[in-house]
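Step one of this worksheet: look at the structure below.
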Amino acid sequence: MIFVIGEYVIDLVDDKKNNYSCHLGGCGLNCAVACAKQGSPTAFISPISEDANGKKVLNYLIEKEILFEPDLCNTKAPSTLALATIEESGSAKYDFYLKNTASMVLSSEELLSALTAHTDIKAVHIASLSLLLNPTSSAIYDVLSFLNPRPVIFVDPNIRAQEVVKIINWKKKLISFFEIAAIIKLSDEDLEFVFEGLSQEEAIESLKKINPHAHIILTKGSQGATWYTSDNKIFNQKNYDVKVVDTIGSGDTFSGSLLAYLSKEGAFGDYIENPKLEIQDSLIKKALKYACYSASLNCAKNGCNPPSESEVLEIL
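If you want it as C-alpha cells, here you go:
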C-alpha cells in the first residue's frame, strides 16, 4: 500500500474573465488520486473538515477507492483554500489560505494511530506545505523518524515560495525530511529555491551530501526529468508530446504514477514487515518514462486529472 500524508486544498481557479471554477486538489490529495488511478492500493491521511468542502473530499475519496481514516473526518477546522491563476505558459500561481485549516492540524497521536492500523504500508509520500507547517510538520517528522523498521519515504518539497518565506527555519525543517528520505523528488524550481545561488549541478551535489543514500529525481517541466541514483548514475527521460492546457497537478501526477509503478514492480521489497527500496537500472528507466508520460497526459487536460494505467500504457 502507498500511504500519502499531506494536505488537501480547495482550488478556486480564475479563468481571467471574472469566473472561478472549484477543483479538489492539494499535493497530497492529487498524489493519492494518481496512485489509485494507476491501480495501486492507496490511503490518504489528513484531517478532513466537517464543512461542505470536506464532505466533497470524502465523497471524492470514496469515488476513487482511496482509503482514509474515519477518526479524522470530522475536524472542526475549515478546509484549506487556494486562489489559482493560470498563466500564458499553462503554469499556475497560487494564493493560499492556510492558517488553522484542517490539513495543518494533524497530531502525532493521530498519525501514529493511522499508521499502526495498517500492516501493509510499503511507501509513504510526504510533501509540500505539510512538511513545513506545524503541528502537521512536527507530527510527520516525529512519527516517521521514530518508526523502525521504516517504510520507503518519498519526499517532494513542492515549494510554495510565497508561503514558505513566512515560515521560520523552513530550510532546516526541509533538510530534516531530506535526511530520512529514500527518494527525493523535486522540480528545477524547487532546487533553485532551496539552494539559492548554486548552479543545478552544485545544488544536486549539496543534496547528495545531505543524504548520500537517497535517490534524487529532478523534474524539469517541458524538458522531462532526470534520476540521480544513490550510486551516482544518471538517467534522463523526455516527456510525451502533448498540447499543454495547464500544468496543475502535473508534479503530483508524476509522483503518484512513479510510486504506483515502482510498487507494482516490487521495488519496495517482498517483506511487508521490512520494506526497503530495491531498484535496478532497467526498472529506473521504465519507471521514469512511465511517470513522465503520465504527467504529460495530465497536462493535456484541465486541472489535476491523472490518467489511468491503461491510458499511459497506450502511449508507451
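All the letters of the sequence shown, read from the start, carry residue numbers 151 to 466 under this note's numbering.
Positions of the beta carbon are idealized from the N, C-alpha and C atoms, including for glycine.
On a predicted model such as this, the values are computed, not experimentally measured, just so you know.
- If only uninterrupted beta strand (DSSP E) runs of at least 3 residues are considered, those enclosed by the stretch 335–394 are 365–369, 375–378, 384–387.
- Residue pairing of Ser171 in beta bridges, as defined by DSSP: Val163.
- The Cβ atoms of Ile198 and Ala252 lie closer than 9 Å to each other.
- Collapsing the DSSP output to three states places Ile330 in coil.
- Leaving aside the five residues that flank Ala232 on each side, the residues in its chain whose CB is nearer than 6 Å to its CB run, in chain order, Val159, Asp161, Tyr244, Phe246.
- Note: Ser199 is bridge-paired with Thr225 in the DSSP secondary-structure output.
- In this structure, Ala364 sits away from Ala410, with a CB-CB distance that is not shorter than 9 Å.
- In the DSSP assignment, Val154 forms a beta bridge with Phe194, His275.
- About 6 Å separates the beta carbon of Pro425 from that of Val302, a gap short enough to meet the 8 Å contact definition.
- In the DSSP assignment, Asp402 falls within the unbroken alpha helix (DSSP H) covering 400–414.
- For Ala234, DSSP records a beta bridge to Val163, Tyr244.
- When C-alpha distances from Leu341 are compared across Ala450, Leu262, Lys439, Ala311, the shortest belongs to Ala311.
- Val305 is bridged by DSSP to Ile276, Ile334.
- Excluding sequence positions up to five before and after Lys206, its CB lies within less than 7 Å of the CB of Leu174, all in the same chain and listed in chain order.
- Leu357 and Cys442 have their C-alpha atoms some 22 Å from each other.
- Three or more beta-carbon pairs drawn from the stretch 447–461 and the stretch 385–392 are found closer than 8 Å, and the two stretches are therefore classed as touching.
- The beta carbon of Gly176 sits closer than 6 Å to those of Glu157, Tyr158, Val159, all from its chain and outside the five residues before and after it, given in chain order.
- When rounded, the separation of the alpha-carbon atoms in Thr286 and Lys322 is 16 Å.
- For Asn448, the enclosing alpha helix (DSSP H) covers residues 431–449.
- Around the CB of Tyr440, 16 or more other CB atoms lie within 10 Å, so the residue is classed as buried.
- The beta carbon of Ile354 lies closer than 8 Å to those of Leu341, Ile366, Leu368, Tyr378 in the same chain, with the five residues before and after it left out.
- In this chain, the alpha helix (DSSP H) harbouring Lys187 covers 177–187.
- The residue from Ile465, Leu463, Asn455, Glu464 with its alpha-carbon nearest to that of Val183 is Asn455.
- Checking the DSSP bridge columns, you'll see Leu217 partnered with Ala193.
- For Val462, the closest C-alpha among the options Ser407, Leu412, Ala417, Leu427 is that of Ser407.
- As the crow flies, the alpha-carbon of Lys393 is around 28 Å from that of Ile334.
- Distance check between Val255 and each of Ile195, His268, Asp270, Thr266 places Ile195 closest, using alpha-carbon atoms only.
- Taking C-beta separations shorter than 6 Å and ignoring five residues to either side along the sequence, the partners of Ile271 in its chain run Met151, Phe153, Pro301, following chain order.
- In the structure shown, the three-state DSSP call for Ala252 is helix.
- Inter-residue distance for Val314 and Asp292 is about 21 Å (C-alpha atoms, whole angstroms).
- At the C-beta level, Ile398 and Ala186 stay beyond 9 Å of one another.
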